[in-house]
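Numbered according to the UniProt record's numbering, the sequence shown terminates at residue 189, and the numbering increases by one at each position without gaps. This report refers to the structure that appears directly beneath it.
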Amino acid sequence: MKVYTKTGDSGTTALFGGMRVPKDHARIESYGTIDELNSYIGLIRDQEINSHYKEILIEVQDRLFTIGAILATPPEKEVMKNGELRLKKLGIVESDIELLENEIDTMEEVLPPMTHFVLPGGHQTVSYCHITRCVCRRAERLAVHLSHNEPVAEIAIKYLNRLSDYLFVLARKLSLDLKADEVKWIPRK
């Protein structure tokens, strides 16, 4: 199979189920940003970090592929002609969100309490984590935007919300692990 199909040369692309839409359609923007987010997660995973974080990030990447598939499937194509669900073995479940919450809670047990806003930076790995968090927030906003016009599984949006929280706390934990300076923002007087 060739990588190039030439079917998108006119500015359209196919969703799951074959429906063609413009490449700037809200659904494409939404799952395209999930793909970008997944790539940044891979960049964090490629850093010299604790193997446990890497394992969690692999789980996250798997869930992001699932969310991408959900977003790439228009509601009218969720059921195939034979009556089966197109994504019957895919899904995000509450335990996926609970995993992130448990990881957040575990990291926060050893972190100093937040007393100020934190400026991104202090170490390259920490900065990658903050960039990834920002991309996650954008992915969440795009999924919410899409949900104003087409059905989007609420749990997918909830997962993205919790993932951005996880990435923020992971950045703080990596600052601690890597002995990086965590710069606090103090407003001017």
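Just so it is clear, CB atoms sit at the ideal spot from N, CA and C, and this is done for glycine as well. Given the structure is predicted, the values throughout are model-derived calculations rather than measurements.
- Gly122 counts as buried, since at least 16 other C-beta atoms from the protein chains shown sit within 10 angstroms of its C-beta.
- Under the DSSP assignment, Gly32 falls in the alpha helix (DSSP H) whose first and last residues are Ala26 to Arg45.
- By the criterion of a C-beta distance shorter than 6 Å, Gln124 is surrounded by no residue of its chain, once the five residues flanking it on both sides are discounted.
- Counted as a single uninterrupted DSSP element, the alpha helix (DSSP H) harbouring His130 occupies residues Gln124 to Ser147.
- The three-state reading of DSSP puts Val60 in helix, counting H, G and I together.
- For Gly68, the CB contacts under 7 Å within the same chain, skipping 5 residues up- and downstream, are Tyr31, Ile34 and Asp35 in chain order.
- Phe117 is bridged by DSSP to Trp185.
- Looking at Phe65, Thr106 and Thr7, the one whose alpha-carbon comes closest to that of Tyr53 is Thr106.
- When the beta-carbon positions are compared, Ala139 and Leu37 come within less than 8 Å of each other.
- Thr106 sits in a helix when the DSSP states are folded into three classes.
- Of all C-beta pairs linking the stretch 92 to 101 to the stretch 128 to 135, fewer than three are shorter than 8 Å, placing the two stretches out of contact.
- The C-beta separation of Leu146 from Arg63 comes to about 18 Å, leaving the pair out of contact by the 8 Å criterion.
- The bridge partners DSSP lists for Val21 are Thr13.
- With contacts defined as CB atoms closer than 8 Å, Arg137 and Ser164 qualify as a contacting pair.
- By alpha-carbon distance to Pro112, the top candidate from Tyr40, Leu43, Thr5 and Lys173 is Lys173.
- Looking only at Ile44, Arg162, His25 and Lys179, the smallest Cα-Cα distance to Thr73 is reached by His25.
- In this structure, Val21 sits near Thr13, with a CB-CB distance shorter than 8 Å.
- In this structure, Ile70 keeps its C-beta atom at 8 Å or more from the C-beta atom of Leu57.
- Taking a C-beta distance under 8 Å as the contact criterion, Lys189 and His116 do not qualify as a contact pair.
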